[in-house]
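Student: Questions regarding the structure given below will be posed in turn.
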Amino acid sequence: MAKRTRIRAPELVGGGGWLNTGGAQLSLAALRGRIVVLDFWTFCCVNCLHVLDELRELEEKHRDTVVVVGVHSPKFVHEAEHGAVVDAVERYGVHHPVLDDPELATWKQYAVRAWPTLVVVDPEGYVVAQHAGEGHVHAIERLVAELEAEHAAKGTLRRGDGPYRAPEPVATHLRFPGKALRLPSGNLLVSDTTRHRLVELAPDGETVVRRIGSGEKGFADGGIPGDSAPRFNEPQGLALLPSGLVAVADTVNHAIRSFDLATGSVTTLAGTGRQWWQGAPVSGRGREVDLSSPWDVAWFDGRLWIAMAGVHQLWTYDPATGTVEAAAGTTNEGLLDGPAAQAWFAQPSGLAATADRLWIADAETSALRWLEPGGAEGRPARVHTAVGTGLFDFGHRDGPAAEALLQHPLGVTALPDGSVAVSDTYNHALRRYDPATGAVTTLATDLREPSDAVVDGDEIVVVESARHRLTRLRLPEEAVRVTPVAHRTRRAATDVAPGRLSLDVVFHAPRGQKLDTRYGPATRLLVSATPPELLESGEGAGTDLARAVVLSADGPAEGVLHVSAMAASCDDDPSVEYPACHVHQQDWGVPVRVTESGARRLPLILAGLDEG
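If you count by my numbering, then the sequence shown holds residues -11 to 600, one letter each, in order.
Quick look at the structure:
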């Protein structure tokens, strides 16, 4: 077996303590003899949620040798609250120990730069691999098999039950509901997300009329009497179609489902159950095209619009043809306005339609955006930003839209007066933006992770996701006064020197694989900066994962380097005609500070260990 680079793994420390351990305090020393996979995640990050799902099969298959440890490393201030981490662990079905690290102590010890990042520690306590982004579990599983054989032979592998201890279940009518829809009957339909079903409630928002779905996660149609119960997997958005059917964003199934209010049947409109990856089709017959974490849906401009949170895009579904297509966004993560096809989004998670605008809650940029439809004369649809500045600034501040701040909003609701209400999730508030005045105000506070709201007469019904209930409020005539607060992402800036900077994305194809060059270059690199003046040269797209960029000596002293990298690899076995292939990709937003004493090389690990 080839010699493997090993680095002693730093101990695991976190001010929030441990979850899912029955109160035990874990350490790497206590886990010696086991293969440990550290998953650096934060619960706002849809890519982190994808990795949680990727890890489940690995955990089950190697449960007597592998211990997955989630290291929760917050981006937003709300995510540093211990109670919010406790909620997220239940909400997303995390069935392994989690270290709550609100001060990013372990993140810094492991020099992590991106969510999600996976680090593999061998049974003797050494780091043997690091991967950033999604799509790496196949490589980690192969490494785990090698480590099992190697350390069984050495006598350093310890098998047995892991340290995970499940918390006690809690009985409530709803559990972390996501979105709501007022039905023509006056009843309310709610996505009971964590329990993998829909629930129809009477107008009081409490009395259960019926439950739709088995309550077990899965991907199955049905529901007509005599059929088996349909299955969902963490459903979110709901929208009424002109036909009277309800469209459902079945998020973790990467699918759009339909629910027939009359018959109770559920069918699949779009999605295959597989997650979309770069290079997959972006249009076609709905049930033949992969989707990626659809989070919300809305009927607008003659089509069903889909907030495709997993790839930072908007897609559409046309019921007349049964087809889907990407309609806005490039898959690059960020905030960039302009023609829809060139715009950048960051985890769009809420949609609301008015006569001439599609409003968008763009969660990761803490922004309220809107899409203007294209014209008959060929004018393309355009994306605009009403509130928000980018990935790293957030807070709770009212006033002119250019100065106002939100914190990871998940929902947006059109109000009768032409304004919109924003479910400002991590501020626990309901906010209002008035296009006529350009002002942002606060309508209500002391909510708990509001994720959506629906208008019902002169009242508004708010989905309080972390209180597991719907809350009915009078539409207030006056704003609530709040103390303005502004924040930036908690990560410390990296000191870099002005002038030439070597930007190196580290990628080593997993053992037994090689770069996939069958159809051209196997790698891609896209670089930009905020503000753009940070870079004198080096921005743009290319195929080399190493690039020299030039930082302006007379430009801004601080900024963010945006780096997006992709690499494709295939199994290297000449005897296999159609080898299995994989895409590895990650986006980084690296806060930097330009100083003469700063580094002249910036390594970003996509897969492997940095030996530069």
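Idealized CB from N, CA, C, for every residue including glycine.
1) Give the DSSP bridge partners of residue 457, in chain order.
2) Can you find at least 3 beta carbon pairs, one from the region 309 to 319 and one from the region 270 to 282, that sit closer than 8 Å?
3) Ignore the nearest five residues each way along the sequence and tell me which others in residue 160's own chain have a CB closer than 7 Å to its CB.
4) Taking the alpha-carbon positions, what's the residue 166 to residue 436 distance?
5) Cβ of residue 371 within 9 Å of Cβ of residue 297?
6) What residue range does the beta strand (DSSP E) around residue 188 cover?
7) Pull up the distance between the alpha-carbon of residue 72 and that of residue 66, whole angstroms please.
8) Between which residues of its own chain and residue 248 is the CB-CB distance below 7 Å, once the five residues before and five after are set aside?
9) In terms of DSSP beta bridges, what is residue 595 paired with?
10) Evaluate the contact criterion for the region 236 to 245 versus the region 211 to 223: three or more CB pairs, one atom per stretch, below 8 Å.
11) Where DSSP assigns a beta bridge to residue 501, which residues make up the other side?
12) Counting only the same chain and skipping the five closest in sequence on each side, list residues whose C-beta sits under 6 Å from that of residue 524.
13) Is the beta carbon of residue 403 sitting closer than 9 Å to the one on residue 443?
14) Can you give the Cα-Cα distance for residue 319 and residue 333, rounded to whole angstroms?
15) Would you check if the distance between the CB atom of residue 149 and the CB atom of residue 162 is smaller than 9 Å?
16) When you compare only the Cα positions, how much space is there between residue -1 and residue 50?
17) Quick one: what does DSSP say residue 414 is sitting in, helix, strand or coil?
18) Looking only at its own chain, which residues have a Cβ that is under 6 Å from the Cβ of residue 265, when we skip the five neighbours before and after it?
19) Give me the Cα-Cα distance between residue 135 and residue 110, rounded to the nearest whole angstrom.
20) Using 8 Å as the Cβ pair cut-off and three pairs as the minimum, do the region 87 to 105 and the region 448 to 465 touch?
21) Near residue 268, what residues of its chain come up, given a Cβ to Cβ distance below 7 Å and the 5 sequence neighbours on each side ignored?
22) Give me whichever residues DSSP pairs with residue 212 in a beta bridge.
23) Within its chain, find whatever has a CB closer than 6 Å to the CB of residue 227; leave out the 5 residues flanking it on each side and keep chain order.
24) Find out if the Cβ-Cβ distance for the pair residue 397, residue 453 is shorter than 9 Å.
25) Taking one C-beta from the region 554 to 565 and one from the region 507 to 514 each time, how about it: are there three or more such pairs within less than 8 Å?
26) Mind checking which residues open and close the alpha helix (DSSP H) that includes residue 71?
27) Is residue 229 helix, strand or coil by DSSP?
28) From residue 583 to residue 390, what does the alpha carbon distance come to, in whole angstroms?
29) Run the CB neighbour count on residue 256, radius 10 Å, all protein chains shown included, and call it buried at 16 or more, exposed below.
30) Terminal residues of the continuous beta strand (DSSP E) containing residue 283?
31) What is the rounded straight-line gap between the Cα of residue 102 and the Cα of residue 596?
32) Per DSSP, which residues does residue 569 bridge with? Please list them.
33) Are the Cβ atoms of residue 108 and residue 120 separated by less than 9 Å?
34) DSSP three-state call for residue 274: helix, strand or coil?
35) Tell whether a beta-carbon distance below 9 Å holds between residue 412 and residue 388.
36) Would you kindly report the start and end of the unbroken alpha helix (DSSP H) that includes residue 302?
Tutor: Well, looking at it:
1) 452
2) yes
3) 456
4) 12 Å
5) no
6) 185 to 189
7) 7 Å
8) 233
9) Note: residue 595 is bridge-paired with 119 and 495 in the DSSP secondary-structure output.
10) yes
11) Residue 501 pairs with 559.
12) 538 and 540
13) yes
14) Each residue's Cα considered, the two are about 8 Å apart.
15) no
16) 23 Å
17) helix
18) 571
19) 7 Å
20) The region 87 to 105, when compared against the region 448 to 465, does not touch it at the 8 Å Cβ threshold.
21) 278
22) Residue pairing from DSSP leaves residue 212 without any beta-bridge partner.
23) 235, 285, 286 and 287
24) no
25) yes
26) DSSP places residue 71 inside the alpha helix (DSSP H), whose first and last residues are 70 to 79.
27) coil
28) For residue 583 and residue 390, the distance between alpha carbons rounds to 30 Å.
29) buried
30) 282 to 288
31) 15 Å
32) In the DSSP assignment, residue 569 is bridged to 558.
33) no
34) helix
35) In this structure, residue 412 sits away from residue 388, with a CB-CB distance that is not shorter than 9 Å.
36) Note, residue 302: premise wrong, no alpha helix (DSSP H); beta strand (DSSP E) at 301 to 306.
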